[in-house]
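**Student:**
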Ligand code: PEP
Ligand code: MG
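In full-length UniProt numbering, the protein residues as written are 2 to 881.
(1) Is it true that the region 261–281 meets the region 303–321, where meeting means three or more beta-carbon pairs spaced less than 8 Å apart?
(2) At a threshold of 6 Å, does residue 335 count as lining the ligand MG (C-beta to nearest heavy atom)?
(3) Confirm, please, whether the CB-CB distance from residue 335 to residue 417 is below 7 Å.
(4) Is it the case that the CB of residue 224 approaches a heavy atom of the ligand MG more closely than 6 Å?
(5) Would you please state the rounded distance, in angstroms, between the beta carbons of residue 773 and residue 752? I believe it to be under 8 Å.
(6) Since residue 199 is in the beta strand (DSSP E), which residue starts that stretch and which ends it?
(7) Let's test the definition: count the other Cβ atoms within 10 Å of the Cβ of residue 1 and tell me whether it reaches 16, buried, or not, exposed.
(8) Alpha carbon to alpha carbon, how far is residue 565 from residue 622?
(9) Measure the C-alpha to C-alpha separation of residue 42 and residue 25 and round it to an integer number of angstroms.
(10) Measure the CB-CB distance between residue 434 and residue 458 and report whether it falls below 7 Å.
(11) Would residue 767 and residue 829 be called neighbours here (beta carbons separated by less than 7 Å)?
(12) Identify, in the order they occur along the chain, each residue of the same chain with its Cβ nearer than 6 Å to the Cβ of residue 28, setting aside the five sequence neighbours on each side.
(13) Does the Cβ of residue 683 have 16 or more other Cβ atoms within 10 Å, making it buried, or fewer, making it exposed?
(14) Which residue marks the beginning of the alpha helix (DSSP H) containing residue 605, and which one marks its end?
(15) The alpha helix (DSSP H) with residue 5 in it runs from where to where?
(16) Could you say which of 407, 817, 640 and 714 lies nearest to residue 628 if we only look at CA atoms?
(17) For residue 718, count the other beta carbons within 10 Å of its own beta carbon; 16 or more makes it buried, fewer makes it exposed. Which is it?
(18) Return yes when at least one heavy atom of the ligand MG lies under 6 Å from the C-beta of residue 654, else no.
(19) Using only the heavy atoms of the ligand PEP, determine whether one of them is closer than 6 Å to the beta carbon of residue 675.
(20) So residue 242 is in the beta strand (DSSP E); what residue range does that whole segment cover?
(21) When the Cα atoms are used, what is the spatial distance from residue 531 to residue 360?
(22) Tell me which residues pass a beta-carbon proximity test against the ligand MG: closer than 7 Å to any heavy atom, given in chain order.
(23) Per DSSP, what kind of secondary structure is residue 487 in: helix, strand or coil?
(24) Taking 7 Å as the cut-off, decide whether the C-beta atoms of residue 625 and residue 516 are in contact.
(25) May I ask you to report which of helix, strand or coil DSSP gives residue 805?
(26) Closest by CA to residue 236, which one among 244, 246, 584 and 224?
(27) Inspect the CB distances between the region 651–668 and the region 582–595 and report whether three or more fall short of 8 Å.
(28) According to the Cβ coordinates, are residue 581 and residue 607 closer than 7 Å?
(29) Taking one C-beta from the region 39–53 and one from the region 233–249 each time, how about it: are there three or more such pairs within less than 8 Å?
(30) If you draw a straight line from the alpha carbon of residue 744 to that of residue 706, how long is it in whole angstroms?
(31) What would DSSP say about residue 45, mapped onto helix, strand or coil?
(32) Can we count residue 571 as close to the ligand PEP, meaning its CB is less than 6 Å from some heavy atom?
(33) Residues in its own chain within less than 6 Å of residue 875 by CB, not counting five upstream and five downstream?
(34) Residue 443 and residue 524 - do their beta-carbons sit closer together than 7 Å?
(35) If we define contact as Cβ-Cβ less than 7 Å, is residue 273 a contact residue for chain C?
(36) Tell me which residues share the same chain as residue 742 and place their Cβ nearer than 8 Å to its Cβ, disregarding the 5 neighbours each side in the sequence.
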C-alpha cells in the first residue's frame, strides 16, 4: 500500500481532489505545487495510516517506516540538505491535516530536526547564531508542549527569568547566548517534567511528532469538535512533513495569513495580516500586532506588506489571482517570505461569514468565475440565519465601554461570563450569555457555541476566537485591548468602569464596539446580494415555501422574507391573549353546550378580526387555517384567582370549578382530548371558528375586491369518519354564512397527517380531503412514541451515543417518519391525482428535511417566518 505521497520539487503525487486520503492541507499543497506555485517540498502521510493505526492497537503499518524514509530523501535531495546533518541540517515542519480543518487537534511542530549538533550547522548556514538558537528554543518549546505534554507556562517562566536576569522586557532584546542559556534551562526542565532527556535524535523527534498528530485525533477537544460539526471519527487525519522555510531570518523575511477576499464582508480586496521577521505561530498568537497586507486597509502607523516588501507582495497578488482562477472560490492562504523569496504553505477554501458567503457567490457569478447555479449551491442555507437576525438600532442610546476588532458581524446582548463551562451551563438554563476571554483556545469551543457573542481582549482578525466565531456565526469582538479581564475577581474593566460577571453587555461584531447594558436592535435589510441570490434560487426551485404564522407581525415578517402563503395558522395560539383567555377557559370549563356557546359567542368577534388581519396581509395568497388543537392542560385555569374568575363567568362557585378542572385534567394530554376529537364531541367549537373564517374572508373580499381562498385544516385525524364529520360542520357553516351575506367564496377543507394511522389509510382519508399537510411534529412524536415535551431529557444522550443521528424533532427521521410520509403521499395521490401535499411541522425549515420533501414530491413546505429564506434556498438546492 502507498501510505506516503510526496509533493514539491517536481514530484507531485497528490491532487486537490484527494482530500479524503491526504487531508485538506496535503491535497492542496500538492495541487499548488503542481500548478507551479512555490511550495517547499515535503510529503503527506495518508489518513488511511491514521485509521490503520487505531484499528491496529495504535501500531503503524509495516511499510510506513521505509516510505517515510523515502519521502525524507526526496526532500533532502530537493533542497540539498540532510536530516540530522551537523553541517547542513534539513529542518522540517510537521502538521496535522484532516479532510476539514479541525481546531482541537495537534496543529504544528516547527524546526524539527534541531539538536545540540545541528543547531551549530543552522548557525553556520544562516550566518546568524541568534536566529539558530532562537529556532532551537522555539522547537523545544513547541515539541515539549505539543508532543511531550509539558505545560507551556513552564517554558514562559524560563524566558521571563532570562529577561529578568538581563534586565530587558522584549524577547527581541535577548542575544544568542541568552537563548543558549534558555535552551539549557528548557532541556533541564523537560527532563525533570517528563523523566526523560529531550530527544536529540531527529528520527526519534520525527516519529514523536507523527505519533502526536495521530494521537491528537482522539483527544477530547478533537472529539468535541467532531461532535459539534458532525465529522465522523473514521475519517482520520493526515500528517504533513515539509522542508522548513524561515520567516524569522531577518527583516527581509516575513510570514502571514490572508484571504483572497474579505472573509467578513466578502469584498473583493486582498485581506490579511503579516509580520516581518516572524514565524507562523507569531501571527496567530497575538503577541505582536500583525500588519495589514494592502495599503487600502492600512491605518495610520501601520506598515502594509505592499509597502514593506513590494516585490514579494506583487508575487503574492499573482498567487492570489492564480488561486482564485484555479479553485474558483475564496482562498485562505498561509505564506512565508524567506530572504525576499515567497513560499506558499497552505491554501484552502476560506471560512467566511454568511454575508461574505453571499456576496462572494453573487460576485463570482457576476465575474463569470462560476455560474448562477453554482452560486446558489455555494451558500449554506442554514447560514442565512445569521443574516436575518437583528443588528443594533443606530438611533438607540448607548454607552460605549470599549472597542476592539470587528471579528464576526451581528449584534449580541447578554450577561458576562468568563469561562466556557459557565457559558455552557448558563445557556442551558436559557440565559443569553456573552463569553469574555483574554483569548480563546480550542478548549473553549463548547462555550463559544453556547454563547450569543464572544469578546476577547487579545488577538487579531485571524485569532482563534475570530475564525471560530465567524464559522459558527456568532458575533465576535476580538482584541479589545482597552478592556482588562480579571478572572480572579470575575470582572472586566475598561475606561474606569467595572463590569461584573452576570451584568449585561452588548457587542456589535460589525464595528467591534462593546456597550454597557442592553442596546435595542433592528431588523435586517434584505436587499442587495441577499435579494439577488434569493431571486436566482427562486428560479431553480419547484417547492413552494409558506410560513407558519398566526399574528399579523409574523405574517408580515413571513411576507417580507418571501413566504408564498401561510401553511399553518394555529388558532389555539390566538387564544392565549389576555383579553380572550378568560372566554377560552370558560369555553373549556363549561358543563354543557349552552355554556360553551355563550363563551364562544364572546370569542367569535376576536377570531373574525384575526382572520381579517391575516387575509389582508396575505393579499390573495393561500392561508391555511387549522381549527382548534389545544393541548387542554395549557388552557386549564391554575390557582384560586383564575378558578374564581371562571366560576364567576359561568355563574358557579370556585369549588365546582376546581372539581371540573380535576375532571378535565388528562394523564396524557398529547394523546388526549385534542384536535378533531374536540370538534367531534363539541361541534359548536369548530362551527364558531368556521363562521369566523368565512365572515372574515367575506369582509376582506368586500373591502379589497379580492376574495381570499381559505384552506380549512382539520388536525389530528386518524379515521375517515372524523374528517367526514368535521368537514360537514365546516360546509354547513359555509353554506349558512354565504346565504346570510349573499356572497359565495371558494374554499377547501383538508387535513393534517400527523398520526401513523392517518398515513396508513391515507387513500381513504383522501376521499374527503382537498389537501394533506404533514404535521411532522406530532407524526414524529407518535411514530417514535416519544413525547415532544419530555424528550429533551434523554434525546441528547441518544444523539451523543449515535443511537439517533440527529434530534428527530429538528431533522426528519427519513427512515421511519419519512417512510410514513411517503406512504401517505402515494396513497393520497392514488385516490386523488394531484392532491396538494405540504409539510408544516418544524422540519419544513430544515434543509435536510426539505431535500426529502423535494424527493417525495410535496408541493410546499411551511416553516417559521425567519426560516423562510433558509427554506427557499434549500428548496432550490434540492431541485438542482
Ligand atoms: C405538527 O404536529 O407537526 C404540527 C404542525 O402541529 P403542532 O405542532 O401544532 O402540533
Ligand atoms: Mg400537531
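Backbone N, C-alpha and C define an ideal beta-carbon position, used for all residues, glycine too.
**Tutor:** Let me lay it out:
(1) At 8 Å Cβ cutoff, the stretches touch.
(2) For the ligand MG, not one heavy atom lies less than 6 Å from the Cβ of residue 335.
(3) Against a cut-off of 7 Å, the Cβ pair of residue 335 and residue 417 comes out as no contact.
(4) Flag unset: Cβ of residue 224 not near the ligand MG.
(5) Taking 8 Å as the upper bound for CB-CB distance, residue 773 and residue 752 are in contact here, some 6 Å apart.
(6) The continuous stretches of beta strand (DSSP E) do not include residue 199, and DSSP gives it neither H nor E.
(7) Outside the shown range of the chain, which is 2 to 881, sits residue 1, and nothing can be said about it.
(8) So the alpha carbons of these two residues sit roughly 6 Å apart.
(9) Roughly 17 Å separates the two Cα atoms.
(10) Taking 7 Å as the Cβ cut-off, residue 434 and residue 458 do not qualify as a contacting pair.
(11) Yes, these two residues count as a Cβ contact at 7 Å.
(12) Closer than 6 Å at Cβ, skipping near neighbours: 15, 17, 19 and 20.
(13) Buried, by the Cβ-count rule.
(14) Its alpha helix (DSSP H) spans residues 594–619.
(15) Taken as a continuous stretch (DSSP letters only), residue 5 belongs to no alpha helix (DSSP H), being part of the beta strand (DSSP E) at 5–8.
(16) For the residues 407, 817, 640 and 714, the minimum Cα distance to residue 628 belongs to 714.
(17) Under this definition residue 718 is a buried residue.
(18) Result no, Cβ not under 6 Å from the ligand MG.
(19) The answer is no for residue 675.
(20) Start and end: 238–244.
(21) If you take the alpha carbons of residue 531 and residue 360, they lie about 8 Å apart.
(22) The filter returns 630, 716, 717, 753, 755, 776, 778 and 779, in chain order.
(23) Assigned with DSSP and collapsed to three states, residue 487 falls in strand.
(24) It is not a contact, given that the beta carbons lie outside the stated cut-off.
(25) Note: residue 805 maps to coil in three-state DSSP.
(26) It is 224 whose Cα lies nearest to the Cα of residue 236.
(27) Because the criterion of three Cβ pairs below 8 Å is met, the region 651–668 and the region 582–595 touch.
(28) Yes, they are a contact pair.
(29) The region 39–53, when compared against the region 233–249, does touch it at the 8 Å Cβ threshold.
(30) Straight-line Cα distance between these residues: approximately 12 Å.
(31) Reduced to three states, the DSSP call for residue 45 is strand.
(32) Result yes, Cβ under 6 Å from the ligand PEP.
(33) Within the same chain, residue 875 has close Cβ partners 382, 848 and 851.
(34) No.
(35) Protein chains in the displayed structure number just one, and chain C is not present.
(36) 696 and 699.
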